[in-house]
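Residue numbers (my numbering): 141 to 339. Glycine included, each C-beta is placed from N, C-alpha and C at the ideal position. Here is the structure we will look at.
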Amino acid sequence: MNPTVLLNILYAPLSYAHVDHQSVEGVDLAQMPASAANQKLIDLHGLPTGLDPSADLDQDAERCLDHWARLPRISFLMGVQRLRTALIEERCYLSLDPSSQRFLCLPLRTPQVASGDWPMNHDGLVSVGLASLAPVLRRLPSSFRARLPLLFPRAIDPWLRALVEEKPNRQSDWLPLLFSFAIAHATHEPATASQDTRH
């Protein structure tokens with residue numbers, strides 16, 4: 141594992157923080173010196189900065205760290221596949237950006253999630269994807285798990301914190317093939333600045 145990647149996640153949270161977390165008490169952190177803004181986020185959220193050199197990361201956990209800043213997009217894409225049937229039946233796929241529509245059409249045998257438990261919007265799709273990622277996210281060292289909420293909108297924060305601590309359930313079965321396809325798609329075909337089902 142590249143130490144630079146780990147150190148950037150630990151000490152440069154502003155570089156990947158969702159826009160919801162880039163303003164503190166009316167102050168735009170992006171307008172501050174990077175070192176001061178990063179320390180502000182670390183202090184505000186009480187983020188641990190220790191790095192256990194003996195931490196035994198499996199391959200999937202390492203991939204999460206390698207693609208840390210892309211985890212929101214990866215989660216979204218995984219949610220798109222897991223809610224594919226509902227997105228098509230309810231015609232919500234029309235609100236997806238073109239890249240996400242192409243991912244929706246991949247002929248993967250992805251187990252489908254019942255749509256009634258999830259809002260058919262951006263945060264709902266991300267949440268479904270996170271539920272699928274949960275088995276790996278739970279295996280991350282605590283210093284990295286503590287930083288996960290910074291990647292996502294505040295609306296997801298309470299649910300995400302509970303998710304990574306709870307025991308596995310039937311909706312969080314690990315889907316390594318879907319994870320690999322989502323990483324590849326997010327890496328080589330980023331989302332366009334369009335609809336992305338944010339209604």
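CB of residue i within 8 Å of CB of residue j, strictly
i, j, result
"residue 267", "residue 296", "yes"
"residue 244", "residue 220", "yes"
"residue 291", "residue 212", "yes"
"residue 270", "residue 201", "no"
"residue 191", "residue 223", "no"
"residue 187", "residue 141", "no"
"residue 237", "residue 331", "yes"
"residue 225", "residue 318", "no"
"residue 314", "residue 275", "yes"
"residue 285", "residue 277", "yes"
"residue 217", "residue 326", "yes"
"residue 125", "residue 160", "Beyond the ends of the chain as shown, which are 141 and 339, falls residue 125; an answer cannot be given."
"residue 189", "residue 283", "yes"
Assigned exposure category for residue i - 16 Cβ within 10 Å defines buried
i, result
"residue 320", "exposed"
"residue 328", "exposed"
"residue 323", "buried"
"residue 149", "buried"
"residue 153", "buried"
"residue 155", "exposed"
"residue 242", "exposed"
"residue 234", "exposed"
"residue 259", "exposed"
"residue 184", "exposed"
"residue 176", "exposed"
"residue 310", "Reliability of the predicted coordinates at residue 310 is poor, the pLDDT of 48 falling under 50, and the value obtained from them is presented with this limitation in mind. Residue 310 comes out exposed."
"residue 256", "exposed"
Boundaries of the alpha helix (DSSP H) in which residue i is found, first to last residue
i, result
"residue 204", "199–206"
"residue 331", "Looking at the DSSP string, residue 331 is not in any alpha helix (DSSP H), and its letter there is neither H nor E."
"residue 221", "211–222"
"residue 243", "238–244"
"residue 178", "174–184"
"residue 148", "143–151"
8 Å contact criterion, which residue i and residue j should meet: CB distance rounded
i, j, result
"residue 170", "residue 162", "6 Å"
"residue 181", "residue 157", "7 Å"
Query - Completely contained alpha helix (DSSP H) runs for the stretch 275–319, where each covers 4 or more residues - result: 282–285, 297–305
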